[in-house]
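Protein chains in written order, with our numbering: chain A, 39 to 312; chain B, 1074 to 1375; chain C, 468 to 984. Data block below; observations after.
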């Protein structure tokens, strides 16, 4: 199967995200009321907000908020998936039971409460998306472990390992190459990519809720803007009776989210089994 | 094991949540009035059973909860009985999740029957990418403009519920995942050799594959419903639907422990119920699979 | 007399039932957290409680004269250390019981009870020591010292003794959601709405049958809903929405005097800010015209602006405002730099340093003020940055504000906020070294002395002189960088008649309000 296209798409989109994050200014630009809510054709490339500030700052600062935390959460979930698959290969009933208990308890926790508590516990100056992304990854881990474990079980679990042992392969080669590399890879990479996307969506939801509840931001320093600010600016354009010309902000936000989604899908496709 | 876990979840989850919310900075009694500003905070902490640590608080709360004594809300809806809040929230959230789950199950059914052409896949994928936040915001604005001040009347509440269910069902890949996930599950199973043999025998595809994929589908559906429960928090808060998710969010922000624990226990109970349902359905499927198929005689070994 | 009251009550009831038959629906800043006056925290709480309870004394909305709807007569007693109050007879609580002196003394006892953790009561504990009933309608409230104008300080709402088991009143009692008062409306708090039904009494004759308040969501949606006549009013209209509402013929904008002024409070106990010259330099750094223009939308040459600069802790219209103290409207970076150098700071690489260490200012702002003054925090931070200071900005939640900033335990260097006063503009608690609202524990012997002069003053002139002195002193000491007074605006549909808005409490004159059609 041709994986070049997905790899290219994944690389370009991830590269764009990291580049945008790198470009992010520390503070927003100067307020120029005369340029308020101008579209991209009047003030390129993305138009302006209600204060006449360029939406490029919003896009880049938002990327800076989400890029690395989302990536780290994706990697974490992938690692949990690998762990789940490997543990199933051990064929231990006790281990399987312990994992199932862990899955059930974590699965029954109201996720947003846990995330909110973690957000409120963070000291003000250390507010960032990282701890929340890792918490989300931990909460998503049971699902990833479960799926990886069922893939491992389909291989034959411990019998598969024994069979490869009989061929003379070392334990390291069996687990790293055959189990993880050939069989678990598609699942854990897809899970990791989906988690990356979910973390981005989580961030915009939390940022919006903080704005709505008159709270300091849960996910980033208050001097930064997130993609949620773009959505908040842009969504009134969906209601014609409000007569609010902020559609360019909405499209920019949806475009950025689309970029993340495309990246996630491309990463999953790129890691598919042949 | 599943049944055992289901019985323990409504106790373990609130205990874990108690540990979490206890670690929040400050304490609910001091939030009413800092001790440096006014007296009476210690008496309040004693009244709310906050003066003896999280274990004492949790065991006291659990003991009262057994008799449905949840007290009054401390801060979120100050003075209103928590039981009254739950009584209003439970049917709301159940309706919200139920409607959204119906949408998701409808998607799964359409995929099972093959009634959704593949040409629609790109559209479905696009729909699934729309975050719940965007749809919920637009939905909230639409309702408030349409109903005005009556947006919290009975008609307004029903409108919010339907919009919320639509948002939950479509956004974040819920409907799309159900369609594509179910189709993929059936397609993967259809590649098994026994399926080919069954088709050659003139049997129907779905009769053979469904019992075997049922456990996976049941697990997927349970995971989707739990995902809907998570998403319900955001949708309820933005659409201002008075459900369990809204109580959880607001209660945690305002450290209203009684409300948070009661709502979290409900969440865990729903999860436990789903676990039991999953276990029962899987058992029924297993029993069905074990029964010999009709019209086939098994050769007895000599 | 009793017959007169009865006839008035019957007429009032008839008017209330028959009169307009209309419901007045409006959007508030937030749904009240509590309808128990002891636990009023936000202005939305105060405004809703004004509809449900009667305060012992209130100020007339137009003449500002002190009046009472529940007090028949009063006289000073015990050489000015007590006041004997005779309540009017015939006034009913919403539960049908009669208002008596027992309720008055119950309210005082509840405020004094250590088991009532009320921030509102904490204020009254400073000077009230007890209450005794002298008859069915007469009570004696005792103070810990002679108070020159006791009525001005006795503006607390009266609570019904019959609704409580003890004087230790906890915030989570059902009374907080289902209160019982003697006010013109009987209120009930729901999850999203507070509904208040008219209750005619001998002293209230409301013309509106029912009032409903909801938390307003998105300001754009609120504005459109009002213009579309799906709601009758918005209590607080944020500045960005005012032009649209002004342009509508069906809506009239009304001034709501919150007696509020905005400030940047300075932590005088931290680092370089201990030096008064550094504070003066920061005052020079701020370009108030620019801040006002970009946050509130008021340009320097605009006439009759809702936003007037101030140079001290009073609004310009107040008799306590010292007009001789000039306002620093624009920045003066040259002078600021000179002051900073005098204070021993060094500018290295464009950044100010003290003792070789770069100065980073932690700047915070109460989060919900962002609706009234968008981007004010980032603008102040930008101006500080342009002047050579590194800064870290944060919004502050209401809980952190109450429990950390106001309790004097926050680690901010500068905090942007807004004070709102009733008609009694006492600022002692803000600046006295032991003041309960002295957020950064600013301590100055001279200021304490001036505030003591105010406390000891027996005439209006003496009080005014003391506060004029305070204003002048604070303009050089600068524990606060004073910004502006910002008028709040409400929007009501033109069908709402007689809408007199009282300063601070808003609905004091609700009996006069009516709805056409």
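We treat Cβ as the ideally placed atom computed from N, Cα and C, and that holds for glycine.
(message) Within 10 Å of its beta-carbon, does residue 468/C have 16 or more other beta-carbons around it, so buried, or fewer, so exposed?
(response) Against the third chain, residue 468/C aligns to sequence position 1. For residue 468/C, the predicted structure reports a pLDDT of 45, less than 50, and the residue's modelled location is therefore unreliable. A value from the coordinates is still provided. Residue 468/C should be labelled exposed.
(request) Drop a sphere of 10 angstroms on the beta-carbon of residue 477/C, count the other beta-carbons inside from all chains shown, and report buried for 16 or more, exposed for fewer. (result) In the third chain, counting from the first residue as 1, residue 477/C sits at position 10. Any reading at residue 477/C must be qualified, since the residue scores a pLDDT of 48, below 50, and its modelled position is unreliable; the value itself is stated next. When all chains shown are included, residue 477/C counts as exposed.
(request) Quick one: residues in its chain with C-beta nearer than 7 Å to the C-beta of residue 1189/B, no 5 flanking neighbours on either side, listed in chain order? (result) Stepping through the second chain from its first residue, residue 1189/B is reached at position 116. Excluding positions up to five away in sequence, the list reads 1183 and 1252.
(request) Label residue 730/C either buried or exposed according to how many other C-beta atoms from any shown protein chain fall within 10 Å of its C-beta, with 16 as the threshold for buried. (result) As a working note, residue 730/C is residue 263 in the third chain. When all chains shown are included, residue 730/C counts as buried.
(message) Only counting the same chain, and skipping five residues up and downstream in sequence, which positions put a Cβ closer than 7 Å to that of residue 1121/B?
(response) The residue you call residue 1121/B lines up with position 48 of the second chain. Taken in chain order, the residues that qualify are 1101, 1102 and 1147.
(request) Name the residue from 545/C, 527/C and 628/C whose alpha carbon lies nearest to the alpha carbon of residue 569/C. (result) For the purposes of this step, residue 569/C is taken as the residue at position 102 of the third chain. Checked all of 545/C, 527/C and 628/C; the closest Cα to residue 569/C is 628/C.
(message) Can you give me the C-alpha to C-alpha distance between residue 1229/B and residue 273/A, rounded to a whole angstrom?
(response) As a working note, residue 1229/B is residue 156 in the second chain. As a working note, residue 273/A is residue 235 in the first chain. Rounded to the nearest angstrom, the two C-alpha atoms are 21 Å apart.
(message) My output table needs one value for residue 480/C: the three-state DSSP class, helix, strand or coil.
(response) Looking up residue 480/C in the third chain gives position 13. Only weak support is given to the placement of residue 480/C: the predicted model assigns it a pLDDT of 49, under 50, and the question is left unresolved by the model.
(request) Kindly give me the distance between the Cβ atoms of residue 550/C and residue 617/C, rounded to whole angstroms, as I take these residues to be in contact under 8 Å. (result) Sequence index remark: in the third chain, residue 550/C carries index 83 (1-based). Sequence index remark: in the third chain, residue 617/C carries index 150 (1-based). Confirmed, Cβ separation roughly 5 Å.
(request) Select from 564/C, 956/C and 777/C the residue whose C-alpha is nearest the C-alpha of residue 648/C. (result) Start at 1 with the first residue of the third chain, and residue 648/C comes out as number 181. Per the Cα distances, 564/C.
(message) What does the alpha-carbon distance come out to for the pair residue 674/C and residue 698/C?
(response) Here residue 674/C corresponds to residue number 207 of the third chain, with the count starting at 1. Here residue 698/C corresponds to residue number 231 of the third chain, with the count starting at 1. Those two C-alpha atoms are separated by around 18 Å.
(request) Would you identify the three-state DSSP class for residue 964/C, choosing helix, strand or coil? (result) Counted from its first residue, the third chain places residue 964/C at position 497. Residue 964/C: strand per DSSP, three-state reduction.
(message) Just to confirm, is the Cβ distance from residue 872/C to residue 883/C under 8 Å?
(response) Along the third chain, read from residue 1 onward, the residue named residue 872/C stands at position 405. Along the third chain, read from residue 1 onward, the residue named residue 883/C stands at position 416. No; because the gap between Cβ atoms is not below 8 Å, this pair is not in contact.
(message) Looking only at its chain, what residues have a beta carbon closer than 8 Å to the beta carbon of residue 1082/B, apart from the 5 residues adjacent to it on each side?
(response) On the second chain, position 9 is the one that residue 1082/B refers to. Excluding sequence neighbours, residue 1082/B sits near 1341, 1342, 1344, 1345 and 1348.
(message) Below 8 Å, how does it come out for the region 735-751 of chain C and the region 809-820 of chain C: are there three or more Cβ pairs, yes or no?
(response) yes
(message) Based on DSSP bridge pairs, tell me the residues matched to residue 820/C.
(response) Position 353 of the third chain, counting from 1, holds the residue named residue 820/C. According to DSSP, residue 820/C bridges with 813/C and 825/C.
(request) Report yes if the CB atom of residue 585/C is closer than 8 Å to the CB atom of residue 505/C, and no otherwise. (result) As a working mapping, residue 585/C is identified with position 118 in the third chain. As a working mapping, residue 505/C is identified with position 38 in the third chain. Their beta carbons are under 8 Å apart, which means residue 585/C touches residue 505/C by this criterion.
(request) Closer than 8 Å by beta-carbon distance: list the chain B residues that pair up with residue 692/C, in chain order. (result) Stepping through the third chain from its first residue, residue 692/C is reached at position 225. Result: 1217, 1218, 1221 and 1222.
(request) For chain D, find out if any of its Cβ atoms is closer than 8 Å to the Cβ of residue 149/A; answer yes or no. (result) The chain labelled as chain D is not found among the protein chains of the depicted structure, namely A, B and C.
(message) So, for residue 125/A: in the same chain, excluding its five sequence neighbours on each side, which residues have a beta-carbon less than 6 Å away from its beta-carbon?
(response) As a working note, residue 125/A is residue 87 in the first chain. Within the same chain, residue 125/A has close Cβ partners 133.
(message) Taking the straight line between their C-alpha atoms, what separation do you get for residue 277/A and residue 688/C?
(response) Residue numbering aside, residue 277/A sits at position 239 when the first chain is read from its first letter. Residue numbering aside, residue 688/C sits at position 221 when the third chain is read from its first letter. Straight-line Cα distance between these residues: approximately 10 Å.
(request) Below 8 Å between beta carbons is the criterion; list the residues of the region 157-186 of chain A that meet it against any residue of chain C, in chain order. (result) 162 and 163
(message) Assuming residue 654/C is part of the alpha helix (DSSP H), what are its boundary residues?
(response) By one-based count along the third chain, residue 654/C stands at place 187. Where residue 654/C is concerned, there is no enclosing alpha helix (DSSP H), although the beta strand (DSSP E) it sits in stretches over 652-656.
(message) Output needed in chain order: residues of the region 1082-1106 of chain B with a Cβ under 8 Å from some Cβ in chain C.
(response) 1099, 1102, 1103, 1104, 1105 and 1106
(message) Taking its Cβ as the centre, do 16 or more other Cβ atoms sit within 10 Å of residue 1098/B, making it buried, or is it exposed?
(response) On the second chain, position 25 is the one that residue 1098/B refers to. Per the 10 Å Cβ criterion, exposed.
(request) Quick one: residues in its chain with C-beta nearer than 8 Å to the C-beta of residue 51/A, no 5 flanking neighbours on either side, listed in chain order? (result) The sequence position of residue 51/A within the first chain is 13, counting from 1. Once the five neighbours on either side are set aside, the close Cβ partners of residue 51/A are 297, 298, 300, 301 and 304.
(message) Relative to the C-alpha of residue 113/A, which candidate in 281/A, 174/A and 285/A has its C-alpha closest?
(response) Start at 1 with the first residue of the first chain, and residue 113/A comes out as number 75. It is 174/A.
(request) For residue 611/C, I'd like the list of residues in its chain whose CB is within less than 7 Å of its CB, leaving aside the five on either flank, ordered along the chain. (result) For the purposes of this step, residue 611/C is taken as the residue at position 144 of the third chain. Excluding residues within five positions, the ones whose Cβ falls inside 7 Å are 594 and 596.
(request) Would you decide whether residue 241/A is buried or exposed? Buried here means 16 or more other CB atoms lie within 10 Å of its CB. (result) Locating residue 241/A in the first chain gives position 203, counting from the first residue. Label assigned to residue 241/A: buried.
(request) Answer yes or no: do residue 922/C and residue 905/C have a C-beta to C-beta separation smaller than 8 Å? (result) Along the third chain, one-based indexing puts residue 922/C at 455. Along the third chain, one-based indexing puts residue 905/C at 438. Taking 8 Å as the Cβ cut-off, residue 922/C and residue 905/C do not qualify as a contacting pair.
(message) Taking a contact to mean a Cβ-Cβ separation below 8 Å, would you say residue 1338/B touches residue 1174/B in this structure?
(response) Position 265 of the second chain, counted from the start, is the residue given in the question as residue 1338/B. Position 101 of the second chain, counted from the start, is the residue given in the question as residue 1174/B. No, the pair does not count as a contact, with Cβ atoms beyond the cut-off.
(message) Taking the alpha helix (DSSP H) that residue 598/C belongs to, which residues open and close that run?
(response) Within the third chain, numbered from 1, the residue matching residue 598/C stands at position 131. Per DSSP, residue 598/C belongs to no alpha helix (DSSP H); it is in the beta strand (DSSP E), 595-600.
(message) Quick check on the DSSP output: the beta strand (DSSP E) that includes residue 743/C runs from which residue to which?
(response) For the purposes of this step, residue 743/C is identified with residue 276 of the third chain, where counting begins at 1. Element bounds for residue 743/C: not the beta strand (DSSP E) but the alpha helix (DSSP H), 743-752.
(message) Strictly under 8 Å for the Cβ-Cβ distance: is residue 618/C near chain B by that measure?
(response) By 1-based counting over the third chain, the position of residue 618/C is 151. No - not a single Cβ of chain B is within 8 Å of the one on residue 618/C.
(request) Can you tell me the Cβ-Cβ gap for residue 183/A and residue 141/A, rounded? I've got them flagged as a contact below 8 Å. (result) Counting from 1 along the first chain, the entry for residue 183/A is found at position 145. Counting from 1 along the first chain, the entry for residue 141/A is found at position 103. With a Cβ gap of about 7 Å, residue 183/A and residue 141/A count as contacting.
(request) Would you verify that the beta carbon of residue 1147/B is, or is not, closer than 8 Å to some beta carbon of chain A? (result) Here residue 1147/B refers to the residue found at position 74 when the second chain is read from its first residue. No, its Cβ sits nowhere closer than 8 Å to a Cβ of chain A.
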